[in-house]
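A.B. asks: Using this note's numbering, the letters of the sequence shown map in sequence onto residues 917 to 1225.
Note that CB positions come from ideal geometry on N, CA and C, so glycine has one too.
Remember, predicted model here, so these are calculated numbers, not experimental data.
Dumping the structure here so I can ask a few things about it.
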Amino acid sequence: MNEITVFPPATVANVVCGFDCLGFALDDPVDAMTLRLTDEKGVRITHLDDYGLPADPERNIAGVALLAMLDAIHHETGFELEITKKIKPGSGVGSSSASAVGAVVAADKLLNERFSRLELAEFAMRGEQVASAGRHADNVAPCLYGGFTLVRSVDPLDIVELEFPEIAVTVIHPQIEVKTADARRMLPAEIPLKSGVRAWSNVGALVAALAKGDLELLARSLEDAIVEPVRKTLIPHFDAVKTESLRAGALGGGISGSGPSIFMLSENQSTARRVAAAMDAVYAESGIDFNIYVTKINSEGVKFAGAEI
Ligand code: HSE
């Protein structure tokens, strides 16, 4: 095989209480990436969208991830990559991770699956670091593994796949850009022990709620007093979206990754659609463009052309 097309999914990181450790993959939106093996060494990138992302592989997230992989195989081949991004950069649903993960999963297939998933996650994180100026894998892990994941440690990388019930997801993406690196700089370097206790209690409860399918416990665990109060100041109408979504029946939710997207979890698709209508009503008068997705958790991670998407 000399060429492959993959569809890496958007992801929601943090999941309110699990800053830098929890994340899940979405069915929609997904990027499209076509990768070819070339005799010419290095990585050549073409963008088939209008986002103006760099084509220089050393400044491109997918390029950096592929160059890390090429270093590991002593540049025995080169790659040519075409990227069509549907996941808008800076939207808070793991756009950079999708680029990095899609590239390394495609490359590994063309190289006859020589790397473990953890090794692929490491390559992808090298790319992700370009965007976020921090080492975290809470978008990379669910994009690569699918489903709901917990990153127990980044050094060494330790990824736990979580059990989860079927739940619906609504995401509103206001068309403003929040750079992850900026949203990380705002956060406190230290937190009071009491806040830590509350956070890790919620993470434990959320993991248990997912495994048991206990949606009431899940709703109670979606709480955060460390990151959300600081970052929500970057997102117009955050409180109104949350209040109206809960009124419409959402279990809970909050900032997706570093924002500006806001996600809400619901018991089923019809509630998720009511939540979408509530979000729409809040933003309709705001003068800010927005997209809303009603979707579900993608349990496979990256999909391949030829498979149903
Ligand atoms: N955990 C990261 C952050 C995710 O919140 O900064 C970025 O998408």
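Do residue 1180 and residue 1202 count as a contact pair if the criterion is CB distance below 7 Å?
C.D. replies: No.
A.B. asks: Would residue 1060 and residue 1078 qualify as a contact pair, given that the criterion is a beta-carbon distance under 7 Å?
C.D. replies: No; because the gap between Cβ atoms is not below 7 Å, this pair is not in contact.
A.B. asks: Starting from residue 1274 and walking both ways along the beta strand (DSSP E), at which residues does that stretch end?
C.D. replies: The requested residue 1274 is not part of the displayed model; the chain covers only 917 to 1225.
A.B. asks: Can you tell me where the beta strand (DSSP E) holding residue 943 begins and where it ends?
C.D. replies: Note, residue 943: beta strand (DSSP E), 938-946.
A.B. asks: For residue 1206, which residues in the same chain have their Cβ closer than 7 Å to its Cβ, ignoring the five residues on either side in sequence?
C.D. replies: Cβ within range, chain order: 1088, 1089, 1090, 1091, 1199.
A.B. asks: Tell me where the alpha helix (DSSP H) around residue 1154 begins and ends.
C.D. replies: Per DSSP, residue 1154 belongs to the alpha helix (DSSP H) from 1154-1163.
A.B. asks: Within the present structure, is the beta-carbon of residue 1174 separated from the nearest heavy atom of the ligand HSE by less than 6 Å?
C.D. replies: Yes, the ligand HSE has a heavy atom inside 6 Å of this Cβ.
A.B. asks: Taking just the CA atoms, how far does residue 1115 sit from residue 1124?
C.D. replies: Going from the Cα of residue 1124 to the Cα of residue 1115 covers about 14 Å.
A.B. asks: Checking 7 Å against the spacing of the C-beta atoms, do residue 1247 and residue 1042 come in under that value?
C.D. replies: What is shown of the chain runs 917 to 1225, which leaves residue 1247 out entirely.
A.B. asks: Quick check on the DSSP output: what are the complete beta strand (DSSP E) runs of length 3 or more inside the stretch 1118-1189, in order along the chain?
C.D. replies: If we require 3 residues or more, the beta strand (DSSP E) runs fully inside the stretch 1118-1189 come out as 1168-1171, 1178-1182.
A.B. asks: Rounded to a whole number of angstroms, what is the C-alpha to C-alpha distance between residue 936 and residue 1195?
C.D. replies: Roughly 26 Å between the two C-alpha positions.
A.B. asks: Report the rounded CA-to-CA distance for residue 1032 versus residue 1075, giving the unit in angstroms.
C.D. replies: Rounded to whole angstroms, residue 1032 to residue 1075 spans 12 Å at the Cα level.
A.B. asks: Helix or strand or just coil, what does DSSP make of residue 923?
C.D. replies: Reduced to three states, the DSSP call for residue 923 is strand.
A.B. asks: Apart from the five residues just before and just after residue 1054, which ones in its own chain have a Cβ nearer than 7 Å to its Cβ?
C.D. replies: Cβ neighbours of residue 1054 beyond the five flanking positions: 929, 930, 936, 937, 938, 939, 1067.
A.B. asks: With distances taken Cα to Cα, identify the nearest neighbour of residue 870 among 1176, 1131, 1163.
C.D. replies: Here the chain has residues from 917 to 1225 only, and residue 870 is not among them.
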